[in-house]
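Undergrad: In the numbering used here, the protein residues as written are 1084 to 1350.
Here a beta-carbon is modelled for each residue, glycine too, at the ideal position from N, C-alpha and C.
Laid out in C-alpha cells, this is it:
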C-alpha cells in the first residue's frame, strides 16, 4: 500500500532522493506534525537529515532506524523546538554532525550554515538559501539529486495554511524578499515543507503565499484607517483575523506587529 500524508513515523518516499518521516506532534501551530526530511541519492549508503524534529524518543528512534544510523549530516532550517528538540537524542543514537545558522545547535564538527553555500553529501547537492522572516535564522535548501529537483522550505512556506512572522522590526521586509527569492528558483521544483503535505509544483504555492501576505498587509492598512494610526496590534487582529480561531490570535498578533513595523517604515 502506498503511504499518503499524514503517515506518522513511517518513512514515505516523495521524490527519488527525498523521503519524509512525520513526527506525531500535531497541533494548531504544527499542523499534522513536523516533517523530518531524509535525503540520499538512490544507491548512496549515507543520508542527510533535515530537521530532527521535536524532543520525542520515538521520533528520534525512527530516524535512526530508517537511516541505519548512517547520517552524514543533519541540517536545521530554524531554531524552533519542534525542529531542534530532537538534536541531542539523534546525535546520541547516530553520532551525526549537525549544522545550523545558530551556533547553539551545532554538534560535532558541524559549522554554521551560510546562505549561498553548496553542500554535497549522500550523492546529492544542497544549496543553502537564507530565507528570514518566520525567524531571523530561517534557511531553505535547493535539492539537486541525480533524478529530481526540490525545494525544502522549512516553515517559510508550508504545505497548507500560512506562516507566522516574528514580531521584530524588519521581519516582513525580510519575508517578502525571501518569498521573491524562492519564486526565482522554484520553477520545476517540488515543494518539501516542514509542515503539511508536499506539492509537485513549488512556484504557484509560493506565489500564493506572496499574494496572501500582500493582501493581509493591505487589510492592516485599512484597519489603521478605521481604528486610527496608533491602534494596538490586538485591536487589528480582532478586525483582520475575525474569522480565525481565537486560540491562534497570539500568533496572528506577532505577524501583525511585523506588518505594523513594515507599514510605519515603508508606508
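#1: Can you name the start and end residues of the beta strand (DSSP E) that residue 1118 belongs to?
#2: With DSSP collapsed to three states, give me the class of residue 1258.
#3: Quick one: is residue 1130 buried, meaning 16 or more other Cβ sit within 10 Å of its Cβ, or exposed?
#4: To the nearest angstrom, how far is it from the Cα of residue 1160 to the Cα of residue 1262?
#5: Which class does residue 1157 belong to by DSSP, given the choice of helix, strand or coil?
#6: How big is the Cα-Cα spacing for residue 1137 and residue 1319?
#7: Is it buried or exposed, residue 1340, if we count other Cβ atoms within 10 angstroms and call 16 or more buried?
#8: Taking residue 1227 as part of the beta strand (DSSP E), name the residues at either end of that continuous run.
#9: Are there 16 or more other CB atoms within 10 angstroms of the CB of residue 1108, so buried, or fewer, so exposed?
#10: Can you tell me which of the three DSSP states residue 1173 falls into?
#11: What does DSSP give as the partner residues of residue 1130 in its beta bridges?
#12: Thinking C-alpha only, which one of 1085, 1255, 1139 is nearest residue 1349?
#13: Residue 1303: buried (16+ other C-beta within 10 angstroms of its C-beta) or exposed?
#14: Pull the bridge partners of residue 1203 from the DSSP assignment, please.
#15: Hey, residue 1177 and residue 1154 are a contact pair by Cβ (cut 8 Å); roughly how many whole angstroms apart?
#16: Residue 1181 and residue 1188: beta carbons closer than 8 Å?
#17: Would you list the one or two residues that DSSP bridges to residue 1110?
#18: Out of 1089, 1296, 1223, 1094, point me to the one whose CA is closest to residue 1345's CA.
#19: With DSSP run on the structure shown, which of helix, strand or coil describes residue 1184?
#20: Using 8 Å as the threshold, is the stretch 1280-1298 in touch with the stretch 1231-1247, meaning 3 or more CB pairs across them?
#21: Could you give the first and the last residue of the continuous beta strand (DSSP E) run that contains residue 1310?
#22: Measure the C-alpha to C-alpha separation of residue 1087 and residue 1338 and round it to an integer number of angstroms.
#23: Classify residue 1276 as buried or exposed, calling it buried when 16 or more other Cβ atoms lie within 10 Å of its own Cβ.
#24: Return helix, strand or coil for residue 1236, following the three-state DSSP convention.
#25: What are the boundary residues of the alpha helix (DSSP H) that includes residue 1343?
#26: Would you kindly check if the distance between the Cβ of residue 1217 and the Cβ of residue 1246 is under 8 Å?
#27: Cα separation between residue 1204 and residue 1123?
TA: Taking the coordinates as given:
#1: The residue given as residue 1118 occupies position 35 in the chain shown. Here the beta strand (DSSP E) through residue 1118 covers 1118-1122.
#2: Taking the first residue of the chain shown as position 1, residue 1258 is located at position 175. In the structure shown, residue 1258 sits in a helix (DSSP, three-state: H, G or I).
#3: For the purposes of this step, residue 1130 is taken as residue 47 along the chain shown, with counting starting at 1. By the neighbour-count rule (16 or more Cβ atoms within 10 Å), residue 1130 is buried.
#4: Taking the first residue of the chain shown as position 1, residue 1160 is located at position 77. Taking the first residue of the chain shown as position 1, residue 1262 is located at position 179. Distance between the alpha carbons of residue 1160 and residue 1262: 15 Å.
#5: As a first step, residue 1157 must be located in the chain shown, where it is residue number 74. The three-state reading of DSSP puts residue 1157 in strand, counting E and B together.
#6: Taking the first residue of the chain shown as 1, we reach residue 1137 at position 54. Taking the first residue of the chain shown as 1, we reach residue 1319 at position 236. Residue 1319 has its alpha-carbon roughly 32 Å from the corresponding atom of residue 1137.
#7: Counting from 1 along the chain shown, the entry for residue 1340 is found at position 257. By the neighbour-count rule (16 or more Cβ atoms within 10 Å), residue 1340 is buried.
#8: By one-based count along the chain shown, residue 1227 stands at place 144. Segment 1222-1227, the beta strand (DSSP E) holding residue 1227.
#9: As a first step, residue 1108 is located in the chain shown; it is residue number 25 there, counting from the start. Per the 10 Å Cβ criterion, buried.
#10: For the purposes of this step, residue 1173 is taken as the residue at position 90 of the chain shown. Helix at residue 1173.
#11: Position 47 of the chain shown, counted from the first residue, corresponds to residue 1130. Partner(s): 1154.
#12: Translated into the one-based positions of the chain shown, residue 1349 becomes position 266. Nearest C-alpha to residue 1349: 1255.
#13: Position 220 of the chain shown, counted from the first residue, corresponds to residue 1303. Buried, since its Cβ has 16 or more Cβ neighbours within 10 Å.
#14: Walking along the chain shown from the start, residue 1203 turns up at place 120. DSSP links residue 1203 through a beta bridge to 1208.
#15: Taking the chain shown and counting its residues from 1, one reaches residue 1177 at position 94. Taking the chain shown and counting its residues from 1, one reaches residue 1154 at position 71. Their Cβ separation, rounded to whole angstroms, is 5 Å, which keeps residue 1177 and residue 1154 in contact under 8 Å.
#16: Residue mapping note: residue 1181 aligns to position 98 of the chain shown, counting from 1. Residue mapping note: residue 1188 aligns to position 105 of the chain shown, counting from 1. Yes, the Cβ-Cβ distance between residue 1181 and residue 1188 is below 8 Å.
#17: Here residue 1110 refers to the residue found at position 27 when the chain shown is read from its first residue. According to DSSP, residue 1110 bridges with 1114.
#18: Translated into the one-based positions of the chain shown, residue 1345 becomes position 262. It is 1296 whose Cα lies nearest to the Cα of residue 1345.
#19: Numbered from its first residue, the chain shown carries residue 1184 at position 101. Coil at residue 1184, not helix or strand.
#20: Judged by Cβ distances under 8 Å, the stretch 1280-1298 makes contact with the stretch 1231-1247, as three or more pairs qualify.
#21: Taking the first residue of the chain shown as 1, we reach residue 1310 at position 227. Counting along the chain, no beta strand (DSSP E) covers residue 1310; the unbroken alpha helix (DSSP H) around it starts and ends at 1285-1310.
#22: Numbered from 1 along the chain shown, position 4 holds the residue referred to as residue 1087. Numbered from 1 along the chain shown, position 255 holds the residue referred to as residue 1338. If you draw a straight line from the Cα of residue 1087 to the Cα of residue 1338, it comes to about 31 Å.
#23: Start at 1 with the first residue of the chain shown, and residue 1276 comes out as number 193. Of the other Cβ atoms in all chains shown, 16 or more fall within 10 Å of the Cβ of residue 1276; this residue is therefore buried.
#24: Reading the chain shown from its first residue, position 153 is the one you call residue 1236. Residue 1236 falls in the strand class under three-state DSSP.
#25: Position 260 of the chain shown holds residue 1343. From DSSP, the alpha helix (DSSP H) with residue 1343 extends over 1332-1349.
#26: As a first step, residue 1246 must be located in the chain shown, where it is residue number 163. As a first step, residue 1217 must be located in the chain shown, where it is residue number 134. If you check the CB distance, residue 1246 and residue 1217 come in under 8 Å.
#27: As a working note, residue 1204 is residue 121 in the chain shown. As a working note, residue 1123 is residue 40 in the chain shown. Rounded to the nearest angstrom, the gap between the Cα atoms of residue 1204 and residue 1123 is 8 Å.
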